[in-house]
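Here's the structure we're looking at; comments come further down.
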Amino acid sequence: MANAISFTTGVAISEDNFYLACVLDELDHWDYYARMFIYKHTESGEDAWCYHDLDGWGLVSTEFVDSTKELITMNSEGDLEVLVPGDEYNEKVIPNKDEHLVYGSFTCLKDLGFGVYVCGSGGKVYQRTSEGWGNVSFNLEEPIIDTRKTKKEDLLDLNKRSGYEIYLYGIAGFATDQLYVCGRNGDRGFIAYFNGEYWVDIDAKTPSTLNNIIVCENQTDIIVTGEYGTLLQGNVNTGFKNLKDMGISTPFYSAAYYNHVLYITSEDGLYRYENNSYSKVKEVEHIRGTSDVEAKDGVLWVVANKELIRFDGQHWQIICYPGNEEETGQRLKCYAGKVCPKTGDWYSTANKMQKRHFKQGEVMPEVPDNDWGETIWYMDC
């Protein structure tokens, strides 16, 4: 289990267990291969990480269904692996596909509490039922492309071959007849609402692609994250307000409430939004490339490219996969004046490489009169 890996997505099972999707760093990006981990916080070392591999899977999304205790993994084709206690099986969102039709891709799998849904390109939205997956796209769905009716020269053009304008990346809602989806339509951000009969387009207030949706704490609005630091709040009746800070241009990926504070993942790290103001979470501000965040059973979990972060309300813990230790150790650094991200022995070229012990939360000191100018502290994780 020594292969270096990168985390792509994940979902919380409980306060002590987390399901992670990973890719092997040694493989090329076009090699479809996923490694699925269950991280057990109550174990240590390699015993904390158990896995299985999915060869040929271009992984997209994972979900844990509380009511049935199912762990579901979905790829872009709409193939699903379902793990339940003592059993596993596979499903397909669209079985018996016609080879001449271009169905597009699936992007998001979500348990909304009242049902499990998937969405994707072409405005596709499906709901899981006892009889399979039912299409609830209705008037939102674009016509499926038939390659037999496509010009030969267009088949060589990827844009024309995919042919779809609507790409959905997030779904949330309050009931089967109160659903929201987000994504993009052409070159603009896109939000639509389902009232149980048909889908209604909503003014998204932004040209930015919208990446995800969660239900707001007030149980009336939704929160939508998007590119270029986009954050929207609103609903179908009152419209949406753009909460964007013009000083933030990084993509916002996902969001979650924890202790009445909104946490947002981004390419630039983990943000906190509170009292109409954004701030980086200082305890983990050295970690970039955060993708997923979720609160579960009193614990906040955050997925980063190389780390899993766990916050219990008192302490931030950075969890490193054993096979990534050498690489992660090279990355872990902290500038003078910043908060120490992890308790341990730190060293600096400005301090002639002599180690000093700092506790998590301490402010890292400047080394005066050194020949290196700026003081940077390093720690071997």
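Residues 71 to 451 in this note's numbering are what the sequence shown lists, from first letter to last.
Just so it is clear, CB atoms sit at the ideal spot from N, CA and C, and this is done for glycine as well.
For clarity, every value in this text was computed on a predicted model and none was experimentally measured.
Could you tell me whether the Cβ atoms of residue i and residue j are closer together than 7 angstroms?
i	j	result
GLY359	LYS350	no
ALA332	LEU313	One point to set straight first is that residue 332 is Leu, not Ala, in the sequence displayed. For LEU332 and LEU313, no; Cβs fall outside 7 angstroms.
TYR103	LEU141	no
GLY148	GLY174	no
TYR196	ASN209	no
TYR328	ALA365	yes
ASP271	ALA262	yes
ILE284	ALA245	no
To the nearest angstrom, how far is it from the Cα of residue i to the Cα of residue j?
i	j	result
GLY126	ASP86	30 angstroms
ARG342	ASN288	18 angstroms
PHE260	CYS410	40 angstroms
THR132	PRO438	49 angstroms
LEU29	GLU235	Look at the range of the chain in this structure, 71 to 451, and you will see that residue 29 is not part of it.
GLU212	LYS311	28 angstroms
THR78	ASN375	7 angstroms
GLU96	HIS122	17 angstroms
VAL372	ARG218	45 angstroms
ILE292	ASN307	12 angstroms
PHE518	GLY296	Residue 518 is absent from the model: the chain starts at 71 and stops at 451.
GLY192	ARG258	15 angstroms
THR112	TYR391	15 angstroms
THR143	SER418	43 angstroms
GLY399	CYS286	At GLY399, the pLDDT of 47 sits below 50, so the modelled position is not reliable and the matter cannot be decided from this model.
VAL363	ILE215	35 angstroms
SER361	SER336	6 angstroms
TRP269	HIS385	43 angstroms
SER114	ASN345	38 angstroms
PRO435	ALA406	5 angstroms
ARG380	CYS404	19 angstroms
Spell out whether any CB of chain D is found under 7 angstroms from the CB atom of residue i.
i	result
GLU344	The chain labelled as chain D is not found in the depicted structure, where only one protein chain is given.
Use the C-beta contact count for residue i: other C-beta atoms within 10 angstroms, 16 or more gives buried, fewer gives exposed.
i	result
THR138	exposed
ASN160	exposed
GLY202	exposed
ASN73	exposed
GLY243	buried
HIS330	exposed
CYS92	buried
ASP98	exposed
LYS280	A quick correction: the sequence has Leu, not Lys, at residue 280. Flag for LEU280 reads buried.
ARG254	buried
THR290	exposed
ALA82	buried
ARG426	exposed
ARG231	Bear in mind that the predicted position of ARG231 carries a pLDDT of just 47, short of 50, making it unreliable; the figure below should be weighed with that in mind. The residue in question, ARG231, is exposed, as its Cβ has fewer than 16 Cβ neighbours within 10 Å.
Among the residues of its own chain, which have a CB less than 6 angstroms from the CB of residue i, if the five just before and after it don't count?
i	result
MET449	LEU402, GLY414, TRP416
GLY128	TYR102, ASN145, SER146
ASN394	ALA74, LYS376
LEU153	LEU141
Would you grab the beta carbon distance between residue i and residue j for me? Rounded to a whole angstrom, and I think it's under 8 angstroms.
i	j	result
VAL251	GLY233	Not really, about 19 angstroms apart at Cβ, beyond 8 angstroms.
VAL186	VAL135	6 angstroms
Within its chain, find whatever has a CB closer than 8 angstroms to the CB of residue i; leave out the 5 residues flanking it on each side and keep chain order.
i	result
LYS352	LYS408, VAL409
SER278	GLY259, GLY296, GLU297, TYR298, THR300
Within its chain, find whatever has a CB closer than 7 angstroms to the CB of residue i; leave out the 5 residues flanking it on each side and keep chain order.
i	result
ILE318	GLY299, TYR348
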